[in-house]
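Taken in sequence, the protein lines are chains Z and R.
When we follow this note's numbering, the leftmost residue of the first sequence carries the number 1, and every step to the right adds one.
When we follow this note's numbering, the leftmost residue of the second sequence carries the number 1001, and every step to the right adds one.
Even glycine gets a Cβ: it sits at the ideal position worked out from N, Cα and C.
Protein chains: 2
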Amino acid sequence: MSFQLDSRLQQDCIHLGRFELCRLLLMNDSQYPWFILVPELEGIKEIHQLDVKQRQQLMEESCYLAENLSALYRPDKINIASLGNIVSQLHLHHVIRYQSDKAWPAPVWGAFNTIPYDDAQLGRYLMRLKDKLTACQFII
Amino acid sequence: MSFQLDSRLQQDCIHLGRFELCRLLLMNDSQYPWFILVPELEGIKEIHQLDVKQRQQLMEESCYLAENLSALYRPDKINIASLGNIVSQLHLHHVIRYQSDKAWPAPVWGAFNTIPYDDAQLGRYLMRLKDKLTACQFII
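What follows is the structure in structure tokens.
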């Protein structure tokens, strides 16, 4: 069965590119730099359903992403989470957090309504990310 | 520097045992089966600060835990997260979630005040876990 991105993720996110295992999405919420990795595999809800090689690949893609986002944004903390109570398709959040952000220290999920990016902001994002995440094959 | 468990984790959790890399804690909140893995390493805040071998070990311990908790509790979803906005010492939550639990579909963090276990509940927990998590060296 070929991979289909969940419709809610499709609606809420901007497709940035691809790593070896995962699709890289940007949550369309300008309040926090918020990235999501989605393994391009059908029918997976939980990390432990991946085989050992896929788990290690997910871990390496997540760490590569976190390491580079950390260098780019200098966050106080990165929140990494596989929740999936609303969207069950396995996806791994990476949210850049600052003590000065509006939800701190609470988690961002459900804290505030999203505020989408405008085109100029998005353009700047992409330029900075493309320079930094060279292991990602960007599609835009 | 030898490993010291964060004082807040010490206060909020029950120490269950040890895997090769991580200490296994039970959050003392009877509202959800809620487990925490803490790599026994000093000065680590983020997963990407681990070396490749430690990352893979964390992944395998997390998946072993999730797989066995899944068989034991038959959850609708497992929420796995490294947040650390309040406790910066790296720790990985594993929360068993049901559509019928009181916070669903919201995350559990900050949703409700904790309700500690009583001794009888805790005893039952430990008996079931010891039978299931045979790769964990239980300390009680």
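Count the other CB atoms, across all protein chains shown, that sit within 10 Å of the CB of residue i; report buried if there are 16 or more and exposed otherwise.
i, result
"residue 1108(R)", "buried"
"residue 23(Z)", "buried"
"residue 1020(R)", "exposed"
"residue 1128(R)", "exposed"
"residue 139(Z)", "exposed"
"residue 52(Z)", "exposed"
"residue 1033(R)", "buried"
"residue 1061(R)", "buried"
"residue 1116(R)", "exposed"
"residue 43(Z)", "exposed"
"residue 1119(R)", "exposed"
"residue 1035(R)", "buried"
"residue 1077(R)", "buried"
"residue 1085(R)", "buried"
"residue 55(Z)", "buried"
Using 7 Å as the cut-off, classify the Cβ of residue i as near or not near the heavy atoms of the ligand MN, replying yes or no.
i, result
"residue 28(Z)", "The model on display carries no ligand, and the ligand MN is accordingly not part of it."
With a cut-off of 8 Å, does the C-beta of residue i fall near any C-beta of chain A?
i, result
"residue 1017(R)", "Although the question refers to chain A, the structure presented lacks it and instead comprises the protein chains Z and R."
Output the distance between the C-alpha atoms of residue i and residue j, rounded to the nearest integer angstrom.
i, j, result
"residue 46(Z)", "residue 123(Z)", "33 Å"
"residue 2(Z)", "residue 89(Z)", "14 Å"
"residue 1081(R)", "residue 83(Z)", "8 Å"
"residue 13(Z)", "residue 27(Z)", "4 Å"
"residue 10(Z)", "residue 87(Z)", "11 Å"
"residue 1067(R)", "residue 65(Z)", "26 Å"
"residue 1057(R)", "residue 1037(R)", "12 Å"
"residue 1131(R)", "residue 1072(R)", "10 Å"
"residue 50(Z)", "residue 1039(R)", "22 Å"
"residue 1096(R)", "residue 1016(R)", "17 Å"
"residue 69(Z)", "residue 30(Z)", "16 Å"
"residue 1079(R)", "residue 1092(R)", "10 Å"
"residue 1135(R)", "residue 1018(R)", "9 Å"
"residue 1111(R)", "residue 1059(R)", "27 Å"
"residue 1098(R)", "residue 48(Z)", "18 Å"
"residue 102(Z)", "residue 74(Z)", "17 Å"
"residue 121(Z)", "residue 1063(R)", "38 Å"
"residue 113(Z)", "residue 5(Z)", "23 Å"
"residue 1094(R)", "residue 1025(R)", "10 Å"
"residue 1100(R)", "residue 1106(R)", "12 Å"
"residue 1008(R)", "residue 125(Z)", "37 Å"
"residue 1104(R)", "residue 104(Z)", "21 Å"
"residue 137(Z)", "residue 41(Z)", "18 Å"
"residue 1133(R)", "residue 133(Z)", "38 Å"
Along the beta strand (DSSP E) that carries residue i, what are the first and last residues, could you check?
i, result
"residue 17(Z)", "13-18"
"residue 1022(R)", "1022-1027"
I need the boundaries of the alpha helix (DSSP H) containing residue i, first residue and last residue.
i, result
"residue 1129(R)", "1119-1132"
Subject >> Selection of the stretch 99-114 of chain Z by Cβ proximity to chain R, strictly under 7 Å >> reply: Flagged, chain order: 104, 105, 106, 107, 109 and 110.
Original post:
Fully enclosed by the stretch 1029-1092 of chain R, which alpha helix (DSSP H) runs are 4 residues long or longer?
Top reply: Listed in chain order, the complete alpha helix (DSSP H) runs (minimum 4 residues) inside the stretch 1029-1092 of chain R are 1052-1073.
Original post:
Got a sec: which bits of the stretch 31-46 of chain Z sit with their beta carbon under 9 Å from any beta carbon on chain R, in order along the chain?
Top reply: Here the close residues are 45 and 46.
Original post:
Residues in the stretch 73-86 of chain Z with C-beta within 7 Å of chain R's C-beta atoms, listed in sequence order?
Top reply: Only 77, 78, 79, 80, 81, 82, 83, 84, 85 and 86 from the stretch 73-86 of chain Z bring a Cβ to less than 7 Å from some Cβ of chain R.
Original post:
Between the stretch 1052-1066 of chain R and chain Z, which residues of the former have a C-beta closer than 9 Å to a C-beta of the latter?
Top reply: Correct list: 1052, 1055, 1056, 1058, 1059, 1060, 1062, 1063, 1064, 1065 and 1066.
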